[in-house]
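Position one of the sequence shown corresponds to residue 0 (numbering that gives the first Met the number 0), numbered consecutively onward.
One structure below.
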Amino acid sequence: MHKSVIVYLLSTVAFAVSEDAWRDRYMIPGETDTFSDKMIQYINYLNTTWKAGRNPGFEDPAYVRGLLGVSPENHRYRLPERALDLSSLGPLPENFDSRENWPECTTIGEIRDQGSCGSCWAFGAVEAMSDRTCIHSPSGGPKLVVHLSADDLLSCCRTCGDGCDGGFPGSAWSFWVKTGIVTGGNYDSDDGCMPYPIKACDHHVNGTLGPCDKKIPPTPRCVHMCRKGYDVDYHDDKHYGKSSYSVPSVEKQIQAEIMTNGPVEADFTVYADFVHYKSGVYQRHTDHALGGHAIRLLGWGVENGVPYWLAANSWNTEWGDKGFFKILRGSDECGIEDDVVAGLPRY
């Protein structure tokens with residue numbers, strides 16, 4: 000047998016053994032109730048890269064799955080890829096935070112709340128679009144800080160999927176280019192043309208907002224009209240994208256896209272342990288998959304030697320690390336690097 004073949008076989012066996020050993024040490028036994036205190040204790044006992052905590056009100060797997068609104072058919076609606084010339088950018092920094100790089104664009108540091116609707120696909124999109132609208136404001140004047148409406152996208156995009164029952168992030172960015180999106184802030188606010196109509200709620204903790212409705216609400220009706228008292232016509236309030244595209248599933252390409260143009264939308268598979276996230280760099284410790292979830296990536300860094308992506312969720316500031324979380328970077332953890340979408344605003 001050739002020496003190269005022997006080396007290959009030995010390396011394959013070693014990888015299999017090391018992977019099995021890792022799973023034996025760090026994966027939660029299948030019989031563990033993934034929504035129980037036992038699971039949280041087990042995660043913290045492993046003492047790996049993140050900490051878990053009790054989130055009362057998160058005991059119903061069906062409800063959690065309803066929040067995870069990236070459709071299983073999402074892969075059929077991927078946008079064409081656009082790669083950046085990495086050689087022109089120079090070395091990428093070890094740490095990057097869009098909030099610090101563009102401090103005048105205050106939307107970057109905000110956390111929204113999708114309520115009980117499976118509208119994460121729309122929130123991840125309008126959040127990143129709002130950030131980029133500010134970042135790419137015409138030079139020579141003040142930055143345009145605007146909240147694009149999750150309601151307008153959720154209720155009026157006929158090619159984006161099924162509204163509160165799930166959608167396609169790529170199609171959301173195409174809608175921005177073709178149809179435009181009006182302004183609109185959080186529930187019960189006077190921010191913009193179409194504020195979000197679904198009440199914010201305590202998804203996973205006993206907090207200040209009140210418990211979430213365990214039933215997924217119907218998708219709001221599409222109305223081409225701004226709220227009463229808003230003095231701009233619906234069609235005149237539209238903000239448009241100039242382009243929309245997928246970012247190559249390469250760590251450095253994603254970093255370069257964020258550093259050059261601002262936050263992006265990404266989706267990943269949520270496993271049952273993720274709902275208990277409190278701090279640190281998340282990596283899964285269970286095989287119990289719940290569904291696909293869209294979020295906003297706004298930076299990266301290294302914590303205790305562990306590389307991570309910095310992400311903003313849409314489950315309000317009482318979840319996770321004040322609404323944010325970190326997830327392992329560079330190994331496509333839970334598919335986080337597999338489907339990243341973005342675009343540029345039109346001025």
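Every residue, glycine too, gets a C-beta built ideally from N, C-alpha and C.
Pick out whichever of ILE257, GLY304 and VAL181 has its Cα sitting closest to the Cα of ALA310.
ILE257
Mark GLY298 as exposed unless 16 or more other C-beta atoms lie within 10 angstroms of its C-beta, in which case mark it buried.
buried
Inter-residue CB distance, VAL301 and GLU93 (contact presumed, cutoff 8 Å):
6 Å
To the nearest angstrom, how far is the alpha carbon of GLY264 from that of ALA171?
A small correction: the amino acid at residue 264 is Glu; Gly does not occupy that position in the sequence shown. Straight-line Cα distance between these residues: approximately 10 Å.
Going straight from the alpha carbon of GLU332 to that of ARG75, what length do you get?
21 Å
What's the gap between the Cα of HIS234 and the Cα of LYS227?
15 Å
Do you know how far the Cα of SER154 is from the Cα of VAL231?
20 Å
Would the beta-carbon of CYS116 fall within 9 Å of that of ILE180?
no
What separation, rounded to the nearest whole angstrom, lies between the Cα atoms of ILE294 and GLY191?
22 Å
Nearest residue (CA-CA) to PHE324, options THR105, ARG157, PHE273 and ALA127:
PHE273
Element boundaries [alpha helix (DSSP H), containing GLU126]
119-134
Test item: CB-CB of ASP59 and TYR195 under 9 Å:
no
Enclosing beta strand (DSSP E) for TYR276 [first to last residue]
276-281
ALA288 to CYS156 span [Cα, whole Å]:
28 Å
If we ignore side chains and look at the alpha-carbon of each, how far apart do HIS146 and GLN282 end up?
31 Å
Is the segment 116-134 touching the segment 157-170 in the sense that three or more CB pairs, one from each, lie closer than 8 Å?
yes
Assuming VAL176 is part of the alpha helix (DSSP H), what are its boundary residues?
168-177
Straight-line CA distance for TRP21 to VAL339?
Note that TRP21 scores a pLDDT of 46, beneath 50, so its modelled location is shaky; the value from the coordinates is reported in the next line. Those two C-alpha atoms are separated by around 28 Å.
Along the chain, where does the alpha helix (DSSP H) containing VAL63 start, and where does it finish?
60-66
Since HIS292 contacts LEU67 with CB under 8 Å, what's their CB separation in whole angstroms?
5 Å
Per DSSP, what are the beta-bridge partners of PRO216 in this structure?
Beta-bridge pairing links PRO216 to no other residue.
On a Cα-Cα basis, can you pick out the residue from ARG220, PRO262, ALA149 and GLY184 that is closest to PHE174?
ALA149
Under a Cβ-count criterion, where at least 16 other Cβ atoms within 10 Å of its own Cβ denotes burial, should ARG328 be classed as buried or exposed?
buried
How many angstroms separate the CA atom of PHE267 from the CA atom of PRO141?
35 Å
How far does the alpha helix (DSSP H) with ALA259 in it extend, from its first residue to its last?
Here the sequence assigns Thr to residue 259, which means Ala is not the residue at that position. Counting along the chain, the alpha helix (DSSP H) containing THR259 begins and ends at 250-260.
Quick check: the Cα distance between TYR346 and THR105, rounded to an integer number of angstroms?
20 Å
Do you know offhand how far GLY279's Cα is from LYS214's?
31 Å
Supposed contact pair TYR244 and GLU109 - C-beta distance, whole angstroms, cut 8 Å:
That pair is no contact at about 24 Å.
Report the three-state DSSP secondary structure of THR268 (helix, strand or coil).
strand
Which residues in the same chain as ASP320 place their Cβ atom closer than 6 Å to its Cβ, once the five residues preceding and following it in sequence are excluded?
SER278
Assumed close pair VAL125, LEU152 - CB separation to whole angstroms, cut-off 8 Å:
6 Å
Span separating the alpha-carbon of ASP286 from that of ILE39:
15 Å
One or two residues paired with ILE180 in a DSSP bridge:
HIS238
Where ALA127 and THR182 are concerned, what is the direct C-alpha to C-alpha distance, given to the nearest angstrom?
14 Å
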